[in-house]
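These notes concern the structure reproduced below.
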Amino acid sequence: MDKVEKIDVPDSRIEEGVRPNILALINGEDRSRTLWLVAHTDTVPEGDIKLWETDPFKPVIKNGRIYGRGAEDNGQAIASILLTLKIIRELKLKPKKNLGLVFAADEEAGSTYGLKYLVEKGFFKEEDEAVVLDYGAPDGSEIEVAEKHILWLRFTIHGIQAHAAFPHEGINAHRIGVRLASTLDQILHERFNKIDPIFTPPTSTFEPTKKEQNIDNINTVPGTDVFYFDSRIIPSYSLGEILNVIDKTCRSFESIYGVKIDVEEVMKWESPPPTSTESSIVNNLSKALKLARNINAKIIGIGGGTCAAFLRAKNIPAVVWSTLDRTAHKPNEYCKIENIRNDSEILTLLSII
Numbered sequence: 014m015d016k017v018e019k020i021d022v023p024d025s026r027i028e029e030g031v032r033p034n035i036l037a038l039i040n041g042e043d044r045s046r047t048l049w050l051v052a053h054t055d056t057v058p059e060g061d062i063k064l065w066e067t068d069p070f071k072p073v074i075k076n077g078r079i080y081g082r083g084a085e086d087n088g089q090a091i092a093s094i095l096l097t098l099k100i101i102r103e104l105k106l107k108p109k110k111n112l113g114l115v116f117a118a119d120e121e122a123g124s125t126y127g128l129k130y131l132v133e134k135g136f137f138k139e140e141d142e143a144v145v146l147d148y149g150a151p152d153g154s155e156i157e158v159a160e161k162h163i164l165w166l167r168f169t170i171h172g173i174q175a176h177a178a179f180p181h182e183g184i185n186a187h188r189i190g191v192r193l194a195s196t197l198d199q200i201l202h203e204r205f206n207k208i209d210p211i212f213t214p215p216t217s218t219f220e221p222t223k224k225e226q227n228i229d230n231i232n233t234v235p236g237t238d239v240f241y242f243d244s245r246i247i248p249s250y251s252l253g254e255i256l257n258v259i260d261k262t263c264r265s266f267e268s269i270y271g272v273k274i275d276v277e278e279v280m281k282w283e284s285p286p287p288t289s290t291e292s293s294i295v296n297n298l299s300k301a302l303k304l305a306r307n308i309n310a311k312i313i314g315i316g317g318g319t320c321a322a323f324l325r326a327k328n329i330p331a332v333v334w335s336t337l338d339r340t341a342h343k344p345n346e347y348c349k350i351e352n353i354r355n356d357s358e359i360l361t362l363l364s365i366i
């Protein structure tokens, strides 16, 4: 490597006091621009340990796979990037532009101490481009260029608690909550029904998900009811439009049923503009896939958020790509060793196109 830098981001919550991020660079023919290969070093907890066939924190190699928590998300990406650098050095290849790697912290918890921090501190330029190795299809054909807005809301309905034998003496917050959730489900899907075929699914989604317990016993009319919505909205809508419809619906329910409804924004994230399908990073990665694997790339958008969004927000063309079996966050997570090798071949080819 021509340059290696460790960026420690202060974090008082951990014993070391910092979250480390690694940046490294190989100089290219054009030193004014850099192709960044991005992976993250953190992972998620193992979940229900009883569902694992092996120790999630002791890697096991079996049938051409590496099993363990973080094997695919995102250890495979780290290994592919390191192997790419090894290939370039051993074959004495010269990248067309600088080739950089980023091993970032904190991706699973919002990237405050990782890529978001690095972007805000100016480590990347608009002339750069990036491949974030954190999403992909089993055949490696999918190149992600866009993400939906994300809106998580907590709804609290305040009614009046009563004995279930005398429900007329109270206001059943649970009944109102069920009706509100059903009404919002219908109204939002009908009102915001545009189709954007780049996404899967191609529409906005408004999902009632979590439900908090209201009372412990059966024979009480609950005076409070709490539920949540997880909404993934195609970028042609603004979150303000969505929230306005939700607010009007809640105010209408308050008037009709005599309750008070609080709406809390648990997460509100408006996605940046997508990476252009005509950008060089999209075209070159598509070309590399065709040359090396004889597959036609599929340009897609997803409902989940990735740290590529922080780069796109600064007008840096970024795609999300890998070859994955999509076992991330699941019990018995694994990565295929052949995917590590094959992806490094694509990344090597990409660096010299």
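Every number in the working numbering is 13 more than the matching position in the sequence shown, counting from 1.
Positions of the beta carbon are idealized from the N, C-alpha and C atoms, including for glycine.
A quick note: this is a predicted structure, and the numbers were derived from the prediction, not measured.
Under the three-state DSSP convention, the category residue i falls into
| i | result |
| --- | --- |
| residue 181 | helix |
| residue 263 | helix |
| residue 191 | helix |
| residue 230 | coil |
| residue 171 | strand |
| residue 202 | helix |
| residue 81 | coil |
| residue 103 | helix |
| residue 66 | coil |
| residue 290 | coil |
| residue 255 | helix |
| residue 186 | helix |
| residue 246 | strand |
Between the CA atoms of residue j and residue i - distance to the nearest angstrom
| i | j | result |
| --- | --- | --- |
| residue 324 | residue 207 | 27 Å |
| residue 182 | residue 189 | 15 Å |
| residue 250 | residue 179 | 45 Å |
| residue 92 | residue 166 | 38 Å |
| residue 277 | residue 200 | 19 Å |
| residue 59 | residue 90 | 19 Å |
| residue 134 | residue 126 | 12 Å |
| residue 291 | residue 144 | 15 Å |
| residue 341 | residue 83 | 7 Å |
| residue 300 | residue 287 | 20 Å |
| residue 369 | residue 53 | Nothing in the structure corresponds to residue 369, since the chain is present only between 14 and 366. |
| residue 228 | residue 242 | 21 Å |
| residue 314 | residue 129 | 21 Å |
| residue 205 | residue 257 | 12 Å |
| residue 35 | residue 87 | 15 Å |
| residue 48 | residue 293 | 11 Å |
| residue 72 | residue 81 | 5 Å |
| residue 5 | residue 328 | Because residue 5 is not part of the residues shown, which for the chain are 14 to 366, the question remains open. |
| residue 352 | residue 274 | 50 Å |
| residue 97 | residue 104 | 11 Å |
Closer than 8 Å to chain B by CB, residue i
| i | result |
| --- | --- |
| residue 188 | Of the protein chains in the structure, only one exists, and it is not chain B. |
Spatially closest choice to residue i from the options, by CA coordinates
| i | options | result |
| --- | --- | --- |
| residue 120 | 326, 318, 352 | 318 |
| residue 27 | 51, 85, 37, 118 | 118 |
| residue 196 | 14, 260, 212 | 260 |
| residue 2 | 49, 224, 314 | Lying before the first or after the last residue shown, residue 2 is absent from the chain, which here runs from 14 to 366. |
| residue 160 | 364, 40, 246 | 246 |
| residue 365 | 107, 47, 274 | 107 |
| residue 184 | 192, 99, 94, 174 | 174 |
| residue 171 | 158, 320, 187 | 187 |
| residue 266 | 339, 281, 194 | 194 |
| residue 151 | 55, 94, 335, 66 | 335 |
| residue 270 | 192, 322, 77 | 192 |
| residue 113 | 57, 46, 100, 77 | 46 |
| residue 95 | 76, 50, 293 | 50 |
| residue 255 | 268, 235, 275, 283 | 283 |
| residue 280 | 295, 307, 252, 306 | 252 |
| residue 39 | 17, 32, 23 | 17 |
| residue 138 | 163, 111, 146, 157 | 111 |
| residue 122 | 32, 74, 154, 156 | 32 |
| residue 4 | 295, 20, 320 | Past the edges of the chain, shown from 14 to 366, lies residue 4, and the structure says nothing about it. |
Residue i, enclosing beta strand (DSSP E) - first and last residue
| i | result |
| --- | --- |
| residue 119 | Here residue 119 belongs to no beta strand (DSSP E), and DSSP marks it neither H nor E. |
| residue 359 | Not the beta strand (DSSP E): residue 359 falls in the alpha helix (DSSP H), residues 350-365. |
| residue 306 | It is not in any beta strand (DSSP E) - residue 306 instead sits in the alpha helix (DSSP H) that spans 293-306. |
| residue 157 | 155-160 |
| residue 221 | 218-224 |
| residue 313 | 311-315 |
| residue 48 | 43-53 |
| residue 39 | 31-39 |
| residue 21 | 16-23 |
Burial state of residue i, where buried means 16 or more other Cβ atoms lie within 10 Å
| i | result |
| --- | --- |
| residue 222 | exposed |
| residue 309 | exposed |
| residue 349 | buried |
| residue 356 | buried |
| residue 212 | buried |
| residue 354 | exposed |
| residue 359 | buried |
| residue 304 | exposed |
| residue 68 | exposed |
| residue 66 | exposed |
Where the alpha helix (DSSP H) containing residue i begins and where it ends
| i | result |
| --- | --- |
| residue 272 | Here residue 272 belongs to no alpha helix (DSSP H), and DSSP marks it neither H nor E. |
| residue 132 | 128-133 |
| residue 323 | 321-325 |
Closer than 7 Å: residue i CB and nearest the ligand FAD heavy atom
| i | result |
| --- | --- |
| residue 233 | Questions concerning the ligand FAD fall outside what the structure shown contains, since it holds no ligand whatsoever. |
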